[in-house]
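**Student:** Starting off with a structure, shown below.
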Amino acid sequence: MVAYVYMLRCSDGSFYVGSTRLLHAREFQHQLGMGAAYTRKRLPVELVWHEEYERVSEAFAREKQVQNWSRAKRLALIAGDYEGLPALARKDFSRRRIEPPG
């Protein structure tokens with residue numbers, strides 16, 4: 001059975017990432033405030049991105065991956081900038097850690 005991972009843009013500009021078997025039904029649930037508590041407090045929401053998978057386990061794994069991404073990386077994904085994703089994955093280690101006095 002087909003499964004989806006999706007991203008919603010909330011009214012406060014934040015993003016919610018989820019997975020489901022029934023994409024449009026789940027989007028409708030979110031719009032009615034019957035989705036996750038996170039989106040319920042940030043209505044209305046807009047579906048801005050989704051991917052389709054053959055297995056629920058694959059969609060769930062991708063959901064967890066995207067949930068850990070930065071805002072910049074999520075925006076690139078929404079824009080379809082797949083070539084730019086690797087550069088956004090690199091951490092900037094140029095800032096030195098300041099040790100607390102002690």
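Counting from 1, one number per residue, gives the positions in the sequence shown under the UniProt record's numbering. We put the CB at the ideal spot given by N, CA and C, even for glycine.
Would you list, in sequence order, the uninterrupted alpha helix (DSSP H) runs of no fewer than 4 residues that lie entirely inside the UniProt domain "GIY-YIG" (1-76)?
**Tutor:** As far as the UniProt domain "GIY-YIG" (1-76) is concerned, its whole alpha helix (DSSP H) runs of at least 4 residues are 23-31, 37-40, 56-67.
**Student:** Helix or strand or just coil, what does DSSP make of Pro-86?
**Tutor:** Helix.
**Student:** Determine the direct distance from the alpha carbon of Ser-14 to that of Arg-40, and round the result to whole angstroms.
**Tutor:** Arg-40 and Ser-14: Cα-Cα distance of roughly 13 Å.
**Student:** Which word fits Gly-18, buried or exposed, when buried means at least 16 other C-beta atoms lie within 10 angstroms of its C-beta?
**Tutor:** The residue is buried, with at least 16 neighbouring Cβ atoms inside 10 Å.
**Student:** From Arg-42 to Ser-11, what does the alpha carbon distance come to, in whole angstroms?
**Tutor:** When rounded, the distance between both Cα atoms is 5 Å.
**Student:** Using only alpha-carbon positions, find the residue among Pro-44, Tyr-6, Ala-37, Thr-20 that is nearest to Gln-31.
**Tutor:** It is Pro-44.
**Student:** Note down the Cα distance separating Lys-73 from Lys-64, rounded to an integer number of angstroms.
**Tutor:** Cα to Cα, the separation comes out at about 14 Å.
**Student:** What do you get for Gly-80, buried or exposed, if any count of 16 or more other CB atoms within 10 angstroms of its CB means buried?
**Tutor:** By the neighbour-count rule (16 or more Cβ atoms within 10 Å), Gly-80 is not buried but exposed.
**Student:** Pop quiz: Val-5 and His-50 are said to be a contact at Cβ under 8 Å. What is the actual Cβ separation, rounded to whole angstroms?
**Tutor:** Rounded, the Cβ-Cβ distance is 7 Å, consistent with contact.
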